[in-house]
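Report on the structure given below.
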Amino acid sequence: MAAQLQVPSGAVVVGVDGSDRSVRAVDWAAAEAERRGAPLHLVYAFEWPALTEGYEPMSSDEMLQPGNRMVEEHVARVRETHPGLAVSGQAALGRPSVVLVEASRRAAVVVVGARGLGRFTGPLLGSVSQKVAAHAHGPVIVVRQQVADLPGPVVVGADPEDPPREALTYAFEEARRRGTGVLVVAVSHELPFRAEYPEAALLRMSQQVEWAERHLRQIVDELAAEHDGVPVDLRISNAYPVDAIVEAAGTQSLVVVGSRGHGGLASVLLGSISRGVLHRAPVVAVVRVFHEPVVETAETAGT
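Taken in order, the sequence shown gives residues 1 to 303; the numbers are from the UniProt record's numbering.
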């Protein structure tokens, strides 16, 4: 399969399958490619069916003919609406999620469509979009709703005790491309004010939370300095993380969440918060993060 893929380096890759959601994804991907000054590459994947008795086997070229026609139609439409954009496309044999993950090796970002908005996890997200978001080698944008533009600030969720620096950096870069700001939504952990916890332990927990929030603010300030001109706001919330992030974004903002990267189960890699946001926000960027939990030391306790 790898030999079949001809992805231009640094391209915006988008998966197509003939559905309405893939049309939304193509429209978003074309606009994203224009913002980045990058080529757009469309990919249709066809999984080779199991042969059954009585059917004459087909060549790979014959199997890919419908996919190639579909890609050509999408390419022609994009060239009409975005005349200055470099657009290419191809059909490839393989499981769609596997093909798109492989394509992500050379892509700047992969865009996939998903079914409509809803509060329930599982079927609504779709197996392809969930697997690609969890296993891709770079950022993945999941488009769930048709949006002409997202003029609001780029909203990124952050755990103060485990700041997702890669996701935060991506949010600043995306905000700069869009000419907007960044809103960091930090969800603080609720302290367990229960009788069985000694007062000294509760005080220690409170101090750890406060230190983690200060550390996150320091990271945000550093990124703001590196991305001069991008306004940033840090909002501390005690609400349920998914609610806090989705409500902050509304319908006017791109949302950025983190993924733990490669491994087994997609649902585990994405995490409950990222999956919850994916089900409820119109457009979400999933960025691989490498977790390095914040640990307060004697040297940093006073900072």
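Where is the CB? At the ideal position from N, CA and C, for every residue including glycine.
Quick caveat: nothing in here was measured; it's all calculated off a predicted structure.
Contact check for residue 220 and residue 232: beta-carbon distance about 6 Å, within the 8 Å limit, so the pair qualifies. Distance check between residue 90 and each of 100, 84, 181 places 100 closest, using alpha-carbon atoms only. Per DSSP, residue 138 lies in no alpha helix (DSSP H) segment and is marked neither H nor E. Remark: C-beta atoms of residue 63 and residue 48 approach each other more closely than 8 Å.
Within the same chain, Cβ atoms closer than 6 Å to the Cβ of residue 281 are found at 246, 249, 255, the five residues on either side in sequence being excluded.
Contact between residue 28 and residue 242 fails: their C-beta atoms lie close to 22 Å from each other, not under 8 Å. Distance from the Cα of residue 60 is smallest, within the candidate group 72, 103, 45, for 45. Look at the beta carbons and you see the segment 162-182 not touching the segment 126-138: under three pairs across the two are nearer than 8 Å. Pairing residue 103 with residue 23 gives a Cβ-Cβ distance that is not under 8 Å. If you check the CB distance, residue 286 and residue 139 come in under 8 Å. Judged by DSSP secondary structure, residue 74 falls within the alpha helix (DSSP H) whose first and last residues are 60-81.
Residue 253 and residue 156 have their C-alpha atoms roughly 10 Å apart.
Residue 25 is a Cβ neighbour of residue 15, given a cutoff of 8 Å.
In the three-state reduction of the DSSP assignment, residue 288 falls in the strand class.
Per the C-alpha coordinates, the member of 277, 132, 81, 107 positioned closest to residue 95 is 132.
If you draw a straight line from the Cα of residue 97 to the Cα of residue 114, it is about 13 Å long. When 143, 238, 8, 175 are compared, the shortest CA-CA separation from residue 108 is found for 8.
Residue 154 is positioned such that its CB atom lies closer than 8 Å to that of residue 175. Here the alpha carbon of residue 259 sits roughly 12 Å from the alpha carbon of residue 168.
When C-alpha distances from residue 75 are compared across 67, 105, 87, 275, the shortest belongs to 87. Inter-residue distance for residue 84 and residue 34 is about 9 Å (C-alpha atoms, whole angstroms).
In this structure, the beta-carbon distance from residue 244 to residue 185 falls below 8 Å. Boundaries of the beta strand (DSSP E) around residue 87: 87-93.
Residues of the same chain with a CB within less than 6 Å of the CB of residue 106, apart from the 5 flanking positions on each side, are 7, 9 in chain order.
Looking at 143, 134, 43, 272, the one whose alpha-carbon comes closest to that of residue 4 is 43. Comparing alpha-carbon positions, the option among 11, 142, 237, 135 lying closest to residue 21 turns out to be 142. For residue 233, the enclosing beta strand (DSSP E) stretches over residues 232-237. If you draw a 10 Å sphere on the C-beta of residue 163, you find 16 or more other C-beta atoms in it, and that means buried. According to DSSP, residue pairing for residue 157 in a beta bridge involves 185.
At a Cβ-Cβ threshold of 8 Å, residue 274 and residue 257 count as neighbours.
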